[in-house]
Amino acid sequence: MLKVNDLNVYYGAIHAIKGVSFQVNEGEIVTLIGANGAGKSTTLNTVSGLLRSRSGSILFQDEDLSHLPAYKIVSKGLALVPEGRRVFLQMTVEENLEMGAFTQSGSLDPALEQVYAQFPRLKERRRQVAGTLSGGEQQMLAMGRALMSSPKLLMLDEPSMGLAPILVEQIFEIIQNLHRAGTTILLVEQNAQAALSVADRGYVLETGKVVSSGTGAELMASPEIKKAYLGG
Amino acid sequence: MVFFSYLFSGISLGSVYAIIALGYTMVYGIAKMLNFAHGDIIMVGGYICYCSMSYLGLPVLLSVLLSMAVCTVLGVVIEGLAYKPLRQASSLAVLITAIGVSYFLQNAAQLIWGVTPKIFTSVASFPMPGDLNSLGLSSEAVVTIASCLIIMVALTLFVNKTKMGKAMRACSEDKGAAQLMGINVNKTISLTFAIGSALAAVAGVLLCSNYNTLIPTTGSMPGIKAFTAAVFGGIGSIPGAFLGGLLLGIIESMAKAYISTQLANAIVFAVLIVVLLVKPTGLLGKAVPEKV
Ligand SMILES: Nc1ncnc2c1ncn2[C@@H]1O[C@H](COP(=O)(O)OP(=O)(O)O)[C@@H](O)[C@H]1O
Ligand SMILES: [Mg+2]
Chain A
102 MLKVNDLNVY YGAIHAIKGV SFQVNEGEIV TLIGANGAGK STTLNTVSGL LRSRSGSILF
162 QDEDLSHLPA YKIVSKGLAL VPEGRRVFLQ MTVEENLEMG AFTQSGSLDP ALEQVYAQFP
222 RLKERRRQVA GTLSGGEQQM LAMGRALMSS PKLLMLDEPS MGLAPILVEQ IFEIIQNLHR
282 AGTTILLVEQ NAQAALSVAD RGYVLETGKV VSSGTGAELM ASPEIKKAYL GG
Chain B
301 MVFFSYLFSG ISLGSVYAII ALGYTMVYGI AKMLNFAHGD IIMVGGYICY CSMSYLGLPV
361 LLSVLLSMAV CTVLGVVIEG LAYKPLRQAS SLAVLITAIG VSYFLQNAAQ LIWGVTPKIF
421 TSVASFPMPG DLNSLGLSSE AVVTIASCLI IMVALTLFVN KTKMGKAMRA CSEDKGAAQL
481 MGINVNKTIS LTFAIGSALA AVAGVLLCSN YNTLIPTTGS MPGIKAFTAA VFGGIGSIPG
541 AFLGGLLLGI IESMAKAYIS TQLANAIVFA VLIVVLLVKP TGLLGKAVPE KV
């Protein structure tokens, strides 16, 4: 479904992504794990068009996205829940969700109902300004907003960052629900343990390069990965 | 009774400031830049309306619409040619460019229309009932105030109720996230310039109708005052621009009437400074971290 091949991304002179390749097949949960600064966000931001690659290809359903502006990529069926949530703080919960459906035509009600069913908290707070939500609620809003475009591939950048353990668990449960409902997922996490336990496959990123890959179980069993990312 | 006359002229002047300030504040909210050429769009709006009425003999309403159309195109073209290439540049570079555009427009107007003042026939002149007239309320003031109210209500509805209006607010908060939603940020910025410039044309026509003369620098001082009004009310805030414009007009009019004509401008800016010292974000501004 998504095939990234030999991707190179620079910030000015800084070579942040050095020939990264990976792929996500339809129906999978794939995770990119790696330490802070490894290049996980840069990779997702490049796939979603916010950053430009210098070389390499990004094929989504056999179409090269690497030269499309970000605003055209959503309608191809790709949605990103960015790092740090980035909900529109001065807009209400429902307005945020409406923005998520910006490219959709026709009534928003079915999509809204679906999102509210998944996140009942958001329904209770639909008229509230997003800036007044707690961190966990904002994360749910960011996810709900991305789902409003009914994406085929949902990309999540550290959805558990800064959340209490109980909320992290909840977020991962939701990710699995979405997956069961047919959404393909590309998950970026520092929380390698949690990410690998839900993922079909994973890639480990280190200073802009893929250093190993395998099924979730394989990676969790690998001694190096255990040592570097799973705390023992 | 004289007091009311000053009050009405203050509200009327303030309404013009408010209409201009709305353009300033919308553009600032989205493009995060001070479009110093905004005041000169007012002047162009005045000249277009003048030419349309005097040379082409078109009726008032058509002339106003023509002036709005020309200014809309001008605003979008300026944004596309002068500001868009500077999207990643420092805010100082953008500011200097805007000042350059302002001089360019003034000089172009001088070249086309000369420096001798044009006598602008009011587009809003009609007989007023005697008792209102004796209170010092002119038909121009009525039309100006009414226009300002209509514009304010329409803009508020647009920004809060329509999809494009909400997209504008989204862009003003976070352009990256807005793009992830599928919003074309460049198009949204153009639209903002279009709306702001159309409003500037209206302000130009109203301003000239109130003062009856038109020169290439007609827009400068009202532009600066309106910018002040936008900051006064809280730059980026639509109700703030409205409130700031009205208050500024009233303060200026009262200062002229009861303190000193020469000092009126100084008093206006002194009030601004005091307000900003007490509340740095302006009257209705939100304390949002700024990147400027
Ligand atoms: N805006 C930026 N400008 C310059 N360098 C950046 C920028 N954003 C990220 N980087 C650098 O690129 C590398 C990858 O960062 P990032 O993709 O954010 O990592 P991760 O998401 O894995 O923590 C880091 O070395 C980081 O310092
Ligand atoms: Mg990151």
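Sequence order for the protein chains is A and B.
Position one of the first sequence corresponds to residue 102 (this note's numbering), numbered consecutively onward.
Position one of the second sequence corresponds to residue 301 (this note's numbering), numbered consecutively onward.
Cβ coordinates follow ideal geometry from the N, Cα and C atoms, glycine included.
Query: Please give the ranges of any alpha helix (DSSP H) in the region 105-151 of chain A, keeping only runs that are unbroken, at least 4 residues long and fully inside the region.; Result: 141-148
Query: Would a check of beta-carbon distances place residue 538 of chain B closer than 7 angstroms to chain A?; Result: no
Query: Rank A/176, A/152, A/136, A/257 by C-alpha distance to the C-alpha of residue 108 of chain A and give the top, closest one.; Result: A/152
Query: I want to see whether chain A comes within less than 7 angstroms of residue 418 of chain B, judged by CB atoms only; does it?; Result: no
Query: Going along chain B in order, which residues have a C-beta closer than 7 angstroms to the C-beta of residue 199 of chain A?; Result: 466
Query: Under 8 angstroms by Cβ, that's how I've got residue 373 of chain B and residue 516 of chain B pegged, so tell me the actual separation to the nearest angstrom.; Result: No, residue 373 of chain B and residue 516 of chain B are not in contact; Cβ-Cβ is about 20 angstroms, not under 8 angstroms.
Query: Measure the Cβ-Cβ separation of residue 444 of chain B and residue 315 of chain B and say whether it is below 7 angstroms.; Result: yes
Query: I want to know whether the region 322-335 of chain B touches the region 384-398 of chain B - three or more CB-CB distances under 8 angstroms.; Result: yes
Query: Is residue 533 of chain B close to chain A? Criterion is C-beta to C-beta, closer than 7 angstroms.; Result: no
Query: Can you list, in chain order, the residues of its chain with a C-beta nearer than 7 angstroms to that of residue 313 of chain B? Leave out the 5 residues immediately preceding and following it.; Result: 549, 552, 553
Query: Mapping DSSP to helix, strand and coil, what is residue 379 of chain B?; Result: helix
Query: Any heavy atom of ligand 1 closer than 6 angstroms to the Cβ of residue 143 of chain A?; Result: yes
Query: Hey, residue 279 of chain A and residue 297 of chain A are a contact pair by Cβ (cut 8 angstroms); roughly how many whole angstroms apart?; Result: Wrong, their Cβ atoms sit about 18 angstroms apart, outside the cutoff.
Query: Under 8 angstroms by Cβ, that's how I've got residue 535 of chain B and residue 582 of chain B pegged, so tell me the actual separation to the nearest angstrom.; Result: 6 angstroms
Query: So, is residue 589 of chain B buried or exposed, given that buried needs 16 or more other C-beta atoms within 10 angstroms?; Result: Here the model assigns residue 589 of chain B a pLDDT of 44, short of 50, so the residue's position is not dependable and the matter cannot be decided.
Query: Would the beta-carbon of residue 522 of chain B fall within 7 angstroms of that of residue 584 of chain B?; Result: no
Query: Can you check whether the CB of residue 299 of chain A is closer than 7 angstroms to the CB of residue 130 of chain A?; Result: yes
Query: Does any heavy atom of ligand 1 sit closer than 6 angstroms to the C-beta of residue 137 of chain A?; Result: yes
Query: So which residues on chain C does residue 284 of chain A lean against when the C-beta distance must stay under 7 angstroms?; Result: The chain labelled as chain C is not found among the protein chains of the depicted structure, namely A and B.
Query: Is there a Cβ from chain B that is less than 7 angstroms from the Cβ of residue 175 of chain A?; Result: yes
Query: Going along the region 476-501 of chain B in order, which residues come within less than 8 angstroms of chain A, judged by CB to CB distance?; Result: 476, 477, 478, 479, 480, 481, 482, 483, 484, 485
Query: Closest Cβ-Cβ distance between residue 171 of chain A and chain B: below 7 angstroms?; Result: yes
Query: Could you name the residues of chain B that residue 183 of chain A contacts, counting a contact when the two beta carbons are closer than 8 angstroms?; Result: 476, 477, 480
Query: According to the neighbour-count rule (16 or more other Cβ atoms, all chains shown, within 10 Å of its Cβ), is residue 578 of chain B buried or exposed?; Result: exposed
Query: In the region 257-283 of chain A, which residue ranges form an unbroken alpha helix (DSSP H) of at least 4 residues, counting only runs that do not cross its ends?; Result: 266-281
Query: Got a sec, what are the start and stop residues for the alpha helix (DSSP H) residue 344 of chain B sits in?; Result: 338-354
Query: I'd like to check one pair, residue 145 of chain A with residue 252 of chain A: are the Cβ atoms closer than 7 angstroms?; Result: no
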